[in-house]
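So the structure is just underneath, and the comments pick up after that.
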Amino acid sequence: MQVFEIADQEWFPQFLRTHMQAALTAAWTTNIPLLQSSSPARIVARLLSHHLGPSIHNYTFIDFCAGAGGPTPSIEKHLNAPVFASPPSYAEAATTPPPVQFILTDLHPHPALWSAAASASPNLSYVSSSVDASNVPQHLINDQKQKGKKVFRLFNLAFHHFDDTLARKILRNTLETSDGFGIFELQDRSLSGFLACCLFGLGAMVMAPYYAFLWGAPLALVWTYLVPALPAVLVFDGWMSSLRTRTVGEVKDLMGSCGLGEVEIRKWEVRSGTERFIPGVGYVNWIIVTRKGSQE
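In UniProt numbering, the protein residues as written are 1 to 296.
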(Lines of atoms letter the chains of each structure in order from A and count residues from 1; the text may use other names and numbers.)
(Lines give C-alpha, C1' and ligand atoms only; values in the text may rest on other atoms or scores of the structure.)
Protein backbone atom coordinates (compact mmCIF):
# COMPACT_ATOMS: atom_id res chain seq x y z
CA MET A 1 0.00 0.00 0.00
CA GLN A 2 1.39 3.38 -1.04
CA VAL A 3 1.45 5.36 2.20
CA PHE A 4 4.27 7.19 3.94
CA GLU A 5 5.67 7.41 7.45
CA ILE A 6 6.74 10.80 8.78
CA ALA A 7 9.90 9.54 10.49
CA ASP A 8 11.13 8.11 7.17
CA GLN A 9 11.20 11.52 5.51
CA GLU A 10 14.55 13.27 5.05
CA TRP A 11 13.19 16.51 6.50
CA PHE A 12 12.20 14.89 9.79
CA PRO A 13 14.64 16.08 12.50
CA GLN A 14 17.25 13.49 13.41
CA PHE A 15 16.99 14.15 17.15
CA LEU A 16 13.27 13.36 17.04
CA ARG A 17 13.94 10.24 14.97
CA THR A 18 16.47 9.13 17.59
CA HIS A 19 13.88 9.50 20.36
CA MET A 20 11.34 7.57 18.28
CA GLN A 21 13.79 4.73 17.68
CA ALA A 22 14.50 4.60 21.40
CA ALA A 23 10.77 4.47 22.12
CA LEU A 24 10.32 1.60 19.65
CA THR A 25 13.20 -0.28 21.26
CA ALA A 26 11.51 0.19 24.63
CA ALA A 27 8.28 -1.23 23.17
CA TRP A 28 10.20 -4.35 22.10
CA THR A 29 12.08 -4.89 25.34
CA THR A 30 9.75 -3.72 28.12
CA ASN A 31 7.81 -6.24 30.18
CA ILE A 32 5.29 -4.57 32.49
CA PRO A 33 4.23 -6.87 35.37
CA LEU A 34 0.50 -7.68 35.55
CA LEU A 35 0.00 -6.23 32.05
CA GLN A 36 2.35 -8.20 29.80
CA SER A 37 2.97 -11.92 29.71
CA SER A 38 6.38 -11.29 28.18
CA SER A 39 8.33 -8.69 26.26
CA PRO A 40 8.08 -8.96 22.45
CA ALA A 41 11.85 -9.51 22.23
CA ARG A 42 11.61 -12.50 24.54
CA ILE A 43 8.76 -13.89 22.45
CA VAL A 44 10.90 -13.64 19.30
CA ALA A 45 13.74 -15.47 21.05
CA ARG A 46 11.35 -18.23 22.09
CA LEU A 47 9.91 -18.52 18.57
CA LEU A 48 13.37 -18.84 17.03
CA SER A 49 14.40 -21.44 19.60
CA HIS A 50 11.21 -23.44 19.08
CA HIS A 51 11.12 -23.42 15.29
CA LEU A 52 14.84 -23.89 14.67
CA GLY A 53 15.26 -26.40 17.48
CA PRO A 54 18.68 -27.74 18.47
CA SER A 55 20.11 -26.62 15.13
CA ILE A 56 19.76 -22.98 16.22
CA HIS A 57 23.42 -23.05 17.31
CA ASN A 58 24.37 -23.72 13.69
CA TYR A 59 23.07 -20.29 12.66
CA THR A 60 24.41 -16.76 12.77
CA PHE A 61 21.59 -14.22 12.95
CA ILE A 62 22.11 -11.06 10.92
CA ASP A 63 19.80 -8.10 11.44
CA PHE A 64 19.76 -6.27 8.11
CA CYS A 65 17.67 -3.33 9.32
CA ALA A 66 19.07 -2.81 12.80
CA GLY A 67 18.44 0.95 12.94
CA ALA A 68 19.62 2.22 16.31
CA GLY A 69 19.90 -1.36 17.59
CA GLY A 70 16.27 -2.26 18.06
CA PRO A 71 15.33 -5.51 19.79
CA THR A 72 18.23 -7.63 18.51
CA PRO A 73 20.53 -7.11 21.54
CA SER A 74 17.65 -8.14 23.79
CA ILE A 75 16.78 -11.14 21.57
CA GLU A 76 20.42 -12.24 21.79
CA LYS A 77 20.38 -11.93 25.55
CA HIS A 78 17.21 -14.01 25.92
CA LEU A 79 18.21 -16.61 23.35
CA ASN A 80 21.61 -17.22 24.91
CA ALA A 81 20.39 -17.13 28.51
CA PRO A 82 19.78 -20.92 28.75
CA VAL A 83 23.36 -21.59 27.61
CA PHE A 84 24.68 -19.86 30.74
CA ALA A 85 21.79 -20.71 33.06
CA SER A 86 24.07 -22.95 35.16
CA PRO A 87 27.77 -23.83 34.91
CA PRO A 88 28.15 -27.14 33.04
CA SER A 89 29.95 -30.05 34.62
CA TYR A 90 33.26 -31.19 33.17
CA ALA A 91 31.52 -33.96 31.23
CA GLU A 92 28.82 -31.62 29.95
CA ALA A 93 31.29 -28.93 28.87
CA ALA A 94 32.45 -30.98 25.89
CA THR A 95 28.90 -31.15 24.50
CA THR A 96 27.59 -27.71 25.50
CA PRO A 97 26.77 -25.81 22.28
CA PRO A 98 28.39 -22.42 21.76
CA PRO A 99 26.29 -19.29 22.23
CA VAL A 100 24.39 -18.02 19.21
CA GLN A 101 26.02 -15.08 17.42
CA PHE A 102 24.20 -11.96 16.20
CA ILE A 103 25.37 -9.24 13.79
CA LEU A 104 23.86 -5.75 13.39
CA THR A 105 23.83 -4.15 9.92
CA ASP A 106 21.88 -1.42 8.16
CA LEU A 107 21.86 0.63 4.97
CA HIS A 108 22.41 3.61 7.29
CA PRO A 109 24.60 2.18 10.08
CA HIS A 110 24.81 3.53 13.63
CA PRO A 111 28.23 2.22 14.77
CA ALA A 112 28.40 4.49 17.82
CA LEU A 113 25.14 3.10 19.20
CA TRP A 114 25.92 -0.48 18.14
CA SER A 115 29.35 -0.33 19.77
CA ALA A 116 27.73 0.28 23.15
CA ALA A 117 25.44 -2.74 22.67
CA ALA A 118 28.27 -4.96 21.39
CA SER A 119 30.48 -4.07 24.36
CA ALA A 120 27.81 -5.56 26.64
CA SER A 121 27.86 -8.98 24.96
CA PRO A 122 30.59 -11.07 23.33
CA ASN A 123 27.88 -12.63 21.15
CA LEU A 124 26.88 -9.39 19.43
CA SER A 125 28.89 -7.65 16.71
CA TYR A 126 28.21 -5.18 13.92
CA VAL A 127 29.27 -4.03 10.46
CA SER A 128 30.16 -0.34 10.53
CA SER A 129 29.85 0.16 6.75
CA SER A 130 26.58 0.39 4.83
CA VAL A 131 24.94 -2.95 3.99
CA ASP A 132 22.18 -3.16 1.36
CA ALA A 133 19.79 -6.01 2.21
CA SER A 134 18.96 -6.42 -1.49
CA ASN A 135 22.63 -6.85 -2.45
CA VAL A 136 24.51 -8.15 0.56
CA PRO A 137 28.34 -8.16 0.30
CA GLN A 138 29.36 -11.73 -0.43
CA HIS A 139 32.17 -11.62 2.12
CA LEU A 140 29.62 -11.13 4.91
CA ILE A 141 27.95 -14.40 3.96
CA ASN A 142 31.21 -16.22 3.18
CA ASP A 143 32.68 -15.32 6.56
CA GLN A 144 29.89 -17.27 8.23
CA LYS A 145 30.03 -20.17 5.79
CA GLN A 146 33.76 -20.55 6.46
CA LYS A 147 32.95 -20.85 10.16
CA GLY A 148 30.49 -23.63 9.35
CA LYS A 149 27.52 -21.41 10.13
CA LYS A 150 24.22 -20.96 8.34
CA VAL A 151 22.87 -17.43 7.87
CA PHE A 152 19.47 -16.42 9.22
CA ARG A 153 18.28 -12.92 8.36
CA LEU A 154 16.19 -10.86 10.80
CA PHE A 155 13.68 -8.18 9.82
CA ASN A 156 12.38 -6.69 13.08
CA LEU A 157 9.64 -4.11 12.52
CA ALA A 158 11.28 -3.48 9.15
CA PHE A 159 9.89 -5.50 6.25
CA HIS A 160 6.78 -3.33 5.91
CA HIS A 161 9.03 -0.39 4.96
CA PHE A 162 9.94 -2.00 1.62
CA ASP A 163 7.73 -1.48 -1.41
CA ASP A 164 6.94 -4.58 -3.48
CA THR A 165 9.79 -4.04 -5.94
CA LEU A 166 12.42 -3.67 -3.23
CA ALA A 167 10.86 -6.48 -1.17
CA ARG A 168 11.21 -8.88 -4.11
CA LYS A 169 14.88 -7.93 -4.55
CA ILE A 170 15.55 -8.46 -0.85
CA LEU A 171 13.73 -11.80 -0.83
CA ARG A 172 15.60 -13.00 -3.90
CA ASN A 173 18.96 -12.06 -2.40
CA THR A 174 17.93 -13.71 0.86
CA LEU A 175 16.85 -16.97 -0.77
CA GLU A 176 20.00 -17.07 -2.90
CA THR A 177 22.49 -16.49 -0.10
CA SER A 178 20.89 -17.42 3.24
CA ASP A 179 19.36 -20.42 4.99
CA GLY A 180 16.39 -18.72 6.60
CA PHE A 181 14.77 -15.45 7.56
CA GLY A 182 12.28 -14.08 10.03
CA ILE A 183 9.84 -11.18 9.74
CA PHE A 184 8.59 -9.89 13.09
CA GLU A 185 6.07 -7.05 13.37
CA LEU A 186 4.20 -5.46 16.28
CA GLN A 187 1.24 -4.34 14.17
CA ASP A 188 -1.07 -5.57 11.41
CA ARG A 189 -4.11 -4.47 9.42
CA SER A 190 -6.60 -5.22 12.18
CA LEU A 191 -8.60 -3.14 14.65
CA SER A 192 -6.40 -4.35 17.50
CA GLY A 193 -3.33 -3.31 15.49
CA PHE A 194 -4.62 0.25 15.18
CA LEU A 195 -5.66 0.36 18.84
CA ALA A 196 -2.20 -0.82 19.87
CA CYS A 197 -0.67 2.17 18.06
CA CYS A 198 -2.96 4.54 20.02
CA LEU A 199 -1.99 2.91 23.30
CA PHE A 200 1.67 3.16 22.32
CA GLY A 201 1.30 6.91 21.90
CA LEU A 202 -0.47 7.16 25.25
CA GLY A 203 2.20 5.00 26.89
CA ALA A 204 4.90 7.25 25.46
CA MET A 205 3.29 10.24 27.19
CA VAL A 206 2.93 8.40 30.49
CA MET A 207 6.51 7.10 30.48
CA ALA A 208 8.17 10.23 29.04
CA PRO A 209 9.50 11.57 32.38
CA TYR A 210 11.15 8.24 33.20
CA TYR A 211 12.83 7.87 29.82
CA ALA A 212 13.80 11.55 29.63
CA PHE A 213 15.68 11.01 32.89
CA LEU A 214 17.09 7.65 31.73
CA TRP A 215 18.32 9.05 28.41
CA GLY A 216 19.48 12.36 29.91
CA ALA A 217 17.23 14.13 27.39
CA PRO A 218 14.98 16.67 29.15
CA LEU A 219 14.02 18.23 25.79
CA ALA A 220 12.09 15.02 25.05
CA LEU A 221 9.52 16.33 27.55
CA VAL A 222 9.05 19.47 25.47
CA TRP A 223 8.36 17.41 22.34
CA THR A 224 6.02 15.14 24.30
CA TYR A 225 3.89 17.63 26.26
CA LEU A 226 4.39 21.23 25.11
CA VAL A 227 4.61 20.32 21.42
CA PRO A 228 3.39 16.69 21.35
CA ALA A 229 5.22 15.78 18.15
CA LEU A 230 6.66 12.51 19.49
CA PRO A 231 3.39 10.82 20.52
CA ALA A 232 1.59 12.18 17.45
CA VAL A 233 4.19 10.85 15.01
CA LEU A 234 4.43 7.54 16.88
CA VAL A 235 0.68 7.02 16.49
CA PHE A 236 0.48 8.23 12.88
CA ASP A 237 3.48 6.20 11.75
CA GLY A 238 2.12 3.22 13.66
CA TRP A 239 -1.13 3.44 11.70
CA MET A 240 0.78 3.69 8.43
CA SER A 241 2.92 0.71 9.44
CA SER A 242 -0.26 -1.25 10.14
CA LEU A 243 -1.56 -0.51 6.64
CA ARG A 244 1.77 -1.59 5.10
CA THR A 245 2.27 -4.79 7.09
CA ARG A 246 1.97 -7.83 4.84
CA THR A 247 0.15 -11.07 5.55
CA VAL A 248 1.96 -14.39 5.18
CA GLY A 249 0.08 -14.94 1.91
CA GLU A 250 1.40 -11.67 0.53
CA VAL A 251 4.96 -12.57 1.53
CA LYS A 252 4.56 -15.95 -0.20
CA ASP A 253 3.34 -14.15 -3.33
CA LEU A 254 6.43 -11.93 -3.28
CA MET A 255 8.66 -15.00 -2.89
CA GLY A 256 6.92 -16.64 -5.83
CA SER A 257 7.38 -13.59 -8.03
CA CYS A 258 10.96 -12.68 -7.05
CA GLY A 259 12.36 -14.41 -10.14
CA LEU A 260 13.82 -17.64 -8.73
CA GLY A 261 11.26 -20.04 -10.17
CA GLU A 262 8.81 -22.47 -8.64
CA VAL A 263 11.32 -25.29 -8.19
CA GLU A 264 13.57 -23.14 -5.99
CA ILE A 265 10.66 -21.71 -3.97
CA ARG A 266 9.47 -25.23 -3.14
CA LYS A 267 12.73 -25.80 -1.28
CA TRP A 268 11.55 -23.44 1.47
CA GLU A 269 9.15 -23.96 4.36
CA VAL A 270 7.02 -21.02 5.54
CA ARG A 271 5.51 -20.85 9.03
CA SER A 272 3.64 -17.98 10.61
CA GLY A 273 1.48 -17.00 13.54
CA THR A 274 0.58 -14.46 16.16
CA GLU A 275 1.75 -14.33 19.78
CA ARG A 276 -0.01 -12.13 22.35
CA PHE A 277 1.96 -10.08 24.86
CA ILE A 278 -0.76 -7.60 25.97
CA PRO A 279 -4.32 -8.96 26.24
CA GLY A 280 -6.53 -7.69 23.43
CA VAL A 281 -4.12 -5.33 21.69
CA GLY A 282 -0.46 -6.38 21.86
CA TYR A 283 0.66 -9.05 19.41
CA VAL A 284 3.87 -10.18 17.75
CA ASN A 285 3.04 -11.14 14.16
CA TRP A 286 5.71 -13.47 12.85
CA ILE A 287 6.80 -15.27 9.69
CA ILE A 288 9.71 -17.73 9.84
CA VAL A 289 11.05 -19.19 6.60
CA THR A 290 13.71 -21.92 6.48
CA ARG A 291 15.24 -24.11 3.84
CA LYS A 292 13.62 -27.53 4.02
CA GLY A 293 15.79 -29.98 5.92
CA SER A 294 17.93 -27.21 7.43
CA GLN A 295 16.91 -28.15 10.99
CA GLU A 296 18.31 -31.66 10.72
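Beta carbons: idealized from backbone N, C-alpha and C, even for Gly.
Here the structure is a predicted model, which is why all the values come from computation and not from measurement.
Roughly how many angstroms lie between the CA atoms of residue i and residue j, to the nearest whole one?
i           : j           : result
residue 72  : residue 102 : 8 Å
residue 214 : residue 29  : 15 Å
residue 288 : residue 275 : 13 Å
residue 116 : residue 145 : 27 Å
residue 272 : residue 10  : 34 Å
residue 33  : residue 120 : 25 Å
residue 127 : residue 41  : 22 Å
residue 21  : residue 245 : 18 Å
residue 23  : residue 180 : 28 Å
residue 220 : residue 15  : 9 Å
residue 99  : residue 123 : 7 Å
residue 37  : residue 49  : 18 Å
Check residue i in the structure and name its three-state DSSP category.
i           : result
residue 270 : strand
residue 156 : strand
residue 132 : coil
residue 9   : coil
residue 222 : helix
residue 280 : coil
residue 101 : strand
residue 194 : helix
Given residue i, which residues of its chain have a CB within under 6 Å of its CB, disregarding the five upstream and five downstream residues?
i           : result
residue 285 : 185, 188 and 274
residue 149 : 60
residue 152 : 59, 61 and 180
residue 97  : 57
residue 68  : 21, 110 and 113
Here's the rule I'm using: 16 or more other beta-carbon atoms within 10 Å means buried, otherwise exposed. How should residue i be labelled?
i           : result
residue 231 : buried
residue 156 : buried
Which residues in the same chain as residue i place their Cβ atom closer than 7 Å to its Cβ, once the five residues preceding and following it in sequence are excluded?
i           : result
residue 45  : 75, 78 and 79
residue 164 : 254
Is it true that the segment 234–242 meets the segment 190–202, where meeting means three or more beta-carbon pairs spaced less than 8 Å apart? yes
So does the segment 173–181 actually touch the segment 254–267, counting three or more Cβ pairs closer than 8 Å? yes
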